[in-house]
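If you read the protein sequences in the order shown, they are chains A and B. First residue of the first sequence: 1, per our numbering; consecutive thereafter. First residue of the second sequence: 1001, per our numbering; consecutive thereafter.
2 protein chains.
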Amino acid sequence: MSHTLTRTPAADRFWMPAEFEPHAGCWMLWPERPDNWRDGALPAQRVFVEVATAIARFEPVSVGASGAQFAFARQQLPPGIRVVELSHDDCWMRDVGPTFVVNARGERRGVDWVFNAWGGLDGGLYFPWANDDAVARKVLEIEGVDRYRAPFVNEGGAIHVDGQGTALVTEQCLLNRNRNPNCSQSEIETWLQRYLGVSRIIWLGEGVFNDETDGHIDELACFVAPGVVALSWCDNRRDPQFAISHDAYVRLCRARDARGRSLKIIKLPQPGPLFSTAAEARGVQASENARPRPERTRLAGSYTNFYIANGGIVMPLLDPRTDRLAANRLKRAFPDRKVVGVSTREILLGGGNIHCITQQVPLAGRPRKRPA
Amino acid sequence: MSHTLTRTPAADRFWMPAEFEPHAGCWMLWPERPDNWRDGALPAQRVFVEVATAIARFEPVSVGASGAQFAFARQQLPPGIRVVELSHDDCWMRDVGPTFVVNARGERRGVDWVFNAWGGLDGGLYFPWANDDAVARKVLEIEGVDRYRAPFVNEGGAIHVDGQGTALVTEQCLLNRNRNPNCSQSEIETWLQRYLGVSRIIWLGEGVFNDETDGHIDELACFVAPGVVALSWCDNRRDPQFAISHDAYVRLCRARDARGRSLKIIKLPQPGPLFSTAAEARGVQASENARPRPERTRLAGSYTNFYIANGGIVMPLLDPRTDRLAANRLKRAFPDRKVVGVSTREILLGGGNIHCITQQVPLAGRPRKRPA
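Structural data, given as structure tokens:
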């Protein structure tokens, strides 16, 4: 039961709450396509189980699996995790799932963005993507939450908000001609204001180097609290990430949020740089319908791609040289949450990380303060 | 989230409540297979929409549709009805869905019977049936209700209960060698006692004439209240249904329920007899995987195959010569419920009727009195 509404969240006085606000739970999908995930997706599935299990320590988790994989997913996941049948073209719930919005009475609705596999036929990652584009609607039906169908292409990983009127995005993604080629930057701003209920948009430039999503914000930077942003950082001038992180830093230093605050910036070290190995690349079945995954590809590893759960942080472990420093920075950034690490190289090999495969459902029935 | 439990409902002090007790809602499936439903299932789909809409006047309705049919089902069904993705081999939720049981604290669990398409390779109606057999589990996951996997073949349409310790079944179905060939009648009784939480089983003989389910009780007779049974009745001695109904009547007259009461019997007239037409048979695509549907087949039409909703009865309209009499008898049997009729010949052509395509979910959180 999910009515499709004809206005916009902002017109109905709904907005997207921050990820660090209380959740009802978390949604994920079950990976399976052998032309993206090596060795028939079994190594990735094992890590998805670890991520789901880690999040389930803090809040209820639902996992959507295709009909063909349902029984195996059900068997592999702990019984306390809900498994539902949900067709998809790949498993990036952050990008294909709904973006939930709330109002002052604590009611929830969902934004269902148009999805085109990160660029459609102009640089997208696979074809077709019709099942992916239907995921948000199916989640909203199960949750019993009404739906806004946004009239433009976007992904959940391309946006972060502070829940107080500010959104964080990248030009590389939001202004990419393979998303909404007929929209100017100011038109995109208007859409984001209407569908996220924000009044201030902070534009960073490029996303993490070689991020195949065209620079999703959720690999580069995120809000950890109102007025506080974590940023993936690189000190090595010869690394292409150096200029990207420095440009983002400068923009963040100059920015003011919707309440006029300047931002505190927490630097998270970049892991690696990390590259796929020949053995890893060999496990992927070549296919005409998906982008190839050759060996020695620079991987868009980033510690900012963590998930904020109720009372917990589930973060990727990617490189023994930097994992501990990143974890310590996150512990300081989230003193009231338990930081749990999961080794997620298998997810990174498929093109993303923990934040990309999760989507939070905000808690309902709790009055909330309207943003600026 | 649905744990699979290792004991039995009776051992855990759970039992199946009667259909006339309060519901949380109703589940259905969306018909689609063109080798069972004529004209690409569109006429049947229209009637399923009418049935779902009628039930939704009284209680929440969820409809499971395959991935291929999801968008169309969502479009055809009213927005107040929940549509979820659910693979199936056909659409008989009564038989493939869970049988819910409750306890004295109002907690719910679900029984997931082994399903073999009404007889497996020995007279079953189609092959394969693996998706059907997974439906109950998927419903229980979405509902968040724990599951008993019954270790024997059964269908929801093969059982009726009064919620006070009595079950009503037929020998033709429950003792059929194509269900549980290695079980004696007393072993079947033991299984029913354990999984339905009943202490008394009333055995009728054969089900409705030419019922392809091997004589499901829900075409022949049902409880309308404790101590009161509706029975499909035939006065024409030359009709093969005559002997079946009379035998059932005699058995019901002699029976005592779990509380020692004799039963009041309400006779519902048999419609027709009804036969499929050449035009109807032509619309079904012949297939090696499903039983053929030739013209001039006697249809197992019965007014006892109605659904009891909260405050309502949704009954099949099958024959203008008998519809009104049947409706009046149901109105008298259920004086506090609104009786709504839906013309369901299109469902009957596919092998069942309104009760066969529905499955109630009992209301939770409400203390209940343990049966005898």
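We put the beta carbon where it would ideally sit given N, CA and C, even for glycine. Remember, predicted model here, so these are calculated numbers, not experimental data.
Member of the options whose CA lies at the smallest distance from the CA of residue i
i: ASP1323/B; options: LEU1268/B, ASP1132/B, ALA1136/B; result: LEU1268/B
i: ILE1308/B; options: GLY1163/B, ALA1018/B, PRO1240/B, ARG1321/B; result: ALA1018/B
i: PRO43/A; options: ASN353/A, ASN116/A, ILE347/A, SER186/A; result: ILE347/A
i: LEU299/A; options: ASP336/A, PRO362/A, VAL208/A, PRO9/A; result: VAL208/A
i: ILE159/A; options: ARG38/A, GLY64/A, PHE100/A; result: PHE100/A
i: GLU50/A; options: ILE81/A, GLY163/A, VAL229/A; result: ILE81/A
i: ARG1137/B; options: PRO34/A, ALA41/A, PHE70/A; result: PHE70/A
i: THR1170/B; options: ALA1130/B, ASP1211/B, ARG1261/B, PRO1151/B; result: ASP1211/B
i: MET1001/B; options: SER2/A, PRO22/A, VAL63/A, ASP95/A; result: VAL63/A
i: MET93/A; options: LEU363/A, ARG368/A, HIS355/A, PRO362/A; result: HIS355/A
i: ARG1296/B; options: GLU1280/B, ASN1289/B, VAL1250/B; result: GLU1280/B
i: TRP1037/B; options: GLY1350/B, TRP1233/B, PRO1367/B, ASN1289/B; result: GLY1350/B
i: GLY25/A; options: GLU155/A, LEU121/A, VAL139/A; result: VAL139/A
i: TRP1118/B; options: ASP1112/B, TRP1129/B, PRO1022/B; result: TRP1129/B
i: GLN241/A; options: GLY272/A, VAL228/A, GLY260/A; result: GLY272/A
i: VAL1248/B; options: ASN1353/B, CYS1183/B, ILE1265/B; result: First, the residue type needs correcting, since residue 1248/B is Ala and not Val in the sequence shown. When only C-alpha atoms are compared, the closest one is ILE1265/B.
i: SER1066/B; options: ASP1039/B, VAL1047/B, GLY1124/B, ASP1132/B; result: ASP1132/B
i: GLU230/A; options: ALA278/A, GLY311/A, ALA327/A, ARG149/A; result: Here residue 230/A is Ala; the residue named in the question, Glu, does not match the sequence. Cα-wise, what sits closest to ALA230/A is ALA327/A.
i: PRO1079/B; options: GLU141/A, GLU59/A, GLN45/A; result: GLU141/A
Which of helix, strand or coil DSSP assigns to residue i
i: PRO240/A; result: helix
i: THR170/A; result: strand
i: PHE1384/B; result: Because chain B here runs from 1001 to 1372, residue 1384/B falls outside it and cannot be looked at.
i: HIS1160/B; result: strand
i: PRO1269/B; result: strand
i: VAL1063/B; result: strand
i: VAL1051/B; result: helix
i: ALA1024/B; result: strand
i: GLY110/A; result: strand
i: ARG1147/B; result: strand
i: PHE58/A; result: coil
i: LEU1029/B; result: strand
i: LEU369/A; result: One point to set straight first is that residue 369/A is Lys, not Leu, in the sequence displayed. In this structure, LYS369/A counts as coil in the three-state DSSP scheme.
i: SER1245/B; result: helix
i: LEU1140/B; result: helix
i: GLU1019/B; result: coil
i: LEU1005/B; result: strand
i: PHE1014/B; result: coil
i: ARG46/A; result: helix
i: ARG256/A; result: strand
i: PHE1275/B; result: strand
Contact check, residue i vs residue j, beta carbons under 9 Å
i: ALA1054/B; j: VAL1314/B; result: yes
i: ARG1013/B; j: ARG1238/B; result: no
i: ARG105/A; j: ARG147/A; result: no
i: TYR1126/B; j: ASP1089/B; result: yes
i: LEU204/A; j: LEU175/A; result: no
i: ARG1033/B; j: ASN1116/B; result: no
i: SER1232/B; j: SER1302/B; result: yes
i: CYS1222/B; j: PHE1306/B; result: yes
i: GLU85/A; j: VAL1084/B; result: yes
i: ARG1259/B; j: PRO1226/B; result: yes
i: GLY1097/B; j: GLY1163/B; result: no
i: VAL1284/B; j: GLY1312/B; result: no
Residue burial classification, residue i (beta-carbon count within 10 angstroms, cutoff 16)
i: PHE275/A; result: exposed
i: ARG1293/B; result: buried
i: THR4/A; result: exposed
i: GLY144/A; result: exposed
i: GLY365/A; result: exposed
i: PRO1151/B; result: exposed
i: GLU1187/B; result: exposed
i: ASP1257/B; result: buried
i: GLY1215/B; result: buried
i: GLU288/A; result: exposed
i: PRO1335/B; result: exposed
i: CYS1253/B; result: exposed
i: LEU121/A; result: exposed
i: SER1161/B; result: Reading off the sequence shown, one finds Val at residue 1161/B, where the question assumed Ser. The residue is buried, with at least 16 neighbouring Cβ atoms inside 10 Å.
i: THR1358/B; result: buried
i: ASN236/A; result: exposed
i: GLN1185/B; result: exposed
i: GLN1075/B; result: exposed
TODO: At 3 residues or longer, and completely inside the segment 180-242 of chain A: list those beta strand (DSSP E) runs for me, N to C.
DONE: 200-204, 221-225, 228-233
Task: Complete alpha helix (DSSP H) runs within the segment 285-362 of chain A (minimum length 4 residues, chain order) - done: 323-333, 345-349
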